[in-house]
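S.K.:
Numbering (mature numbering (1 follows the signal peptide of the UniProt record, and there is no 0)), first residue to last: -21 to -1, 1 to 133.
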């Protein structure tokens, strides 16, 4: 029975990754996730991780520079995320339970554009407490644009 649950979680996460990694968005949406009233930060690439619904999160990398950025990838993986406890112990890493197509790829981010990836954190039996969710890009080289947020299990 436990093997069936593990297989179901693996298949769900694999499909969620495939569906979420397939697209980027060219639409401009208001920034509501960082609590800042300043809006756009000029000449900077920013990363944001925001909760959309219970276990649904959106990781966004926003190019607020005047430069076109190209990220090269060695597989179909575009981002990764971890869940850590208050002591900093890693409890979950997406890439440790996922498989990715082994093909070179790239994402181009024009000035003013953003990359967005939505994902669900898997059902886990976590003790009550605070946890850290961290997401980042997985390019072959260059900055990873890490973003973090906390969530609480009651």
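Cβ coordinates follow ideal geometry from the N, Cα and C atoms, glycine included. Remember, predicted model here, so these are calculated numbers, not experimental data.
(1) If you follow the beta strand (DSSP E) that residue 58 is part of, which residue opens it and which one closes it?
(2) Looking at residue 49: is its Cβ nearer than 8 Å to the Cβ of residue 78?
(3) Apply the 10 Å Cβ neighbour rule to residue 92 and answer buried if 16 or more other Cβ atoms are within range, or exposed otherwise.
(4) Which residues in the same chain as residue 85 place their Cβ atom closer than 8 Å to its Cβ, once the five residues preceding and following it in sequence are excluded?
(5) By DSSP, does residue 35 sit in helix, in strand, or in coil?
(6) Suppose the cutoff is 6 Å on Cβ atoms and the five residues either side in sequence are ignored; what does the same chain contact list for residue 133 look like?
(7) Decide yes or no for the touch test of the segment 92 to 103 against the segment 35 to 47: beta carbon pairs closer than 8 Å, at least 3 of them.
(8) Within the same chain, show all residues whose beta-carbon is closer than 6 Å to that of residue 34, passing over the 5 residues directly before and after it, in chain order.
(9) Taking only the alpha-carbon atoms, compute the straight-line gap between residue 72 and residue 115 and give it to the nearest angstrom.
(10) Assuming residue 84 is part of the beta strand (DSSP E), what are its boundary residues?
(11) Tell me, which residues are paired with residue 67 by DSSP?
(12) What separation, rounded to the nearest whole angstrom, lies between the Cα atoms of residue 1 and residue 118?
M.R.: According to the structure data:
(1) Taking the chain shown and counting its residues from 1, one reaches residue 58 at position 79. Where residue 58 is concerned, the enclosing beta strand (DSSP E) stretches over 58 to 63.
(2) What you label residue 49 is simply residue 70 of the chain shown in a count that begins at 1. What you label residue 78 is simply residue 99 of the chain shown in a count that begins at 1. It is not a contact, given that the beta carbons lie outside the stated cut-off.
(3) For the purposes of this step, residue 92 is identified with residue 113 of the chain shown, where counting begins at 1. Counting Cβ neighbours within 10 Å, residue 92 comes out buried, since at least 16 surround it.
(4) As a working mapping, residue 85 is identified with position 106 in the chain shown. The residues are 49, 50, 51, 52.
(5) Reading the chain shown from its first residue, position 56 is the one you call residue 35. Strand.
(6) Position 154 of the chain shown holds residue 133. The residues are 107.
(7) yes
(8) Working through the chain shown from its first residue, we reach residue 34 at position 55. Cβ within range, chain order: 99, 100.
(9) Counted from its first residue, the chain shown places residue 72 at position 93. Counted from its first residue, the chain shown places residue 115 at position 136. Answer to the nearest angstrom: the Cα atoms are 12 Å apart.
(10) Working through the chain shown from its first residue, we reach residue 84 at position 105. It spans 84 to 88 - the beta strand (DSSP E) in which residue 84 sits, taken as one unbroken run.
(11) Taking the first residue of the chain shown as position 1, residue 67 is located at position 88. Bridge partners of residue 67: none, in fact.
(12) Here the question's residue 1 lines up with position 22 in the chain shown. Here the question's residue 118 lines up with position 139 in the chain shown. Low confidence applies to residue 1: its pLDDT is 42, below 50, so where it sits in the model is not reliable enough to give any reading.
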